Amino acid sequence: MRSALRLLRWKTLQTSWLLEIYESSFGKEALIRGFSPNFRNVSAGKAADCSTTLRPLQQICYYPGKLHGGIQAFYLDQVLADCCPGAVTASLAISYLRPIDPQSPLKVSAWPVKVEGRKLYMEACIKVLENSTGTMIKATHAKALFIMPKA
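Position 44 of the sequence shown, counting from 1, maps to 44 under the UniProt record's numbering, and the rest follow consecutively.
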């Protein structure tokens with residue numbers, strides 16, 4: 001039990017440290033600069049695609065040459081929320097498939113899977129350029145549930 005509490009305190013300290021650096025370094029506006037998804041209507045709602053290149057400071061990347069998972073989660077949640085305005089994130093499950101170089105071009109995509117009443121099931125991914133083949137490959141994948149509030 002003590003080790004679990006110590007780990008929780010360490011994770012909380014680590015997260016607050018990251019947020020302090022993030023806030024003092026450039027804030028949300030700088031992180032989403034250049035992030036302007038193109039939306040298209042599909043049968044179950046809206047889908048989106050966005051190509052961008054980040055230039056984060058090394059101290060928010062956590063490991064040298066690897067984009068912090070929290071920044072990846074931020075991008076995925078942002079594009080998913082943009083696809084279903086007015087809805088709130090109920091759950092977001094992310095699979096980190098491969099490291100992302102913070103300086104590499106990214107393609108962020110989101111699409112609806114199904115709609116059940118006020119529930120919107122969505123998926124999203126971040127693709128990166130594979131240097132050896134020149135194709136975009138999936139680096140991060142997310143599944144999300146959004147809920148439309150009662151009127």
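Glycine is no exception: its CB is placed at the ideal position from the N, C-alpha and C atoms.
In this text, all values refer to a predicted model and were calculated from it rather than measured experimentally.
Nearest-angstrom Cβ-Cβ length linking Ser104 and Val88, presumed shorter than 8 Å: Ser104 to Val88, Cβ: 31 Å. No contact.
Would a C-beta distance cut-off of 9 Å place Val108 and Ala48 closer than the cut-off? Yes, they are a contact pair.
Please classify Asp101: does DSSP put it in a helix, a strand, or coil? coil
On the three-pair Cβ rule with 8 Å, is the segment 89-101 touching the segment 131-146? yes
Under the DSSP definition of a beta bridge, which residues are partnered with Arg40? Ala47
Any idea which residues DSSP pairs Glu116 with across the strands? Lys119
Given this structure, state the Cα-to-Cα distance separating Pro149 from Ala73, to the nearest angstrom. 23 Å
Where does Pro64 land, buried or exposed, given buried means 16+ other C-beta within 10 angstroms? exposed
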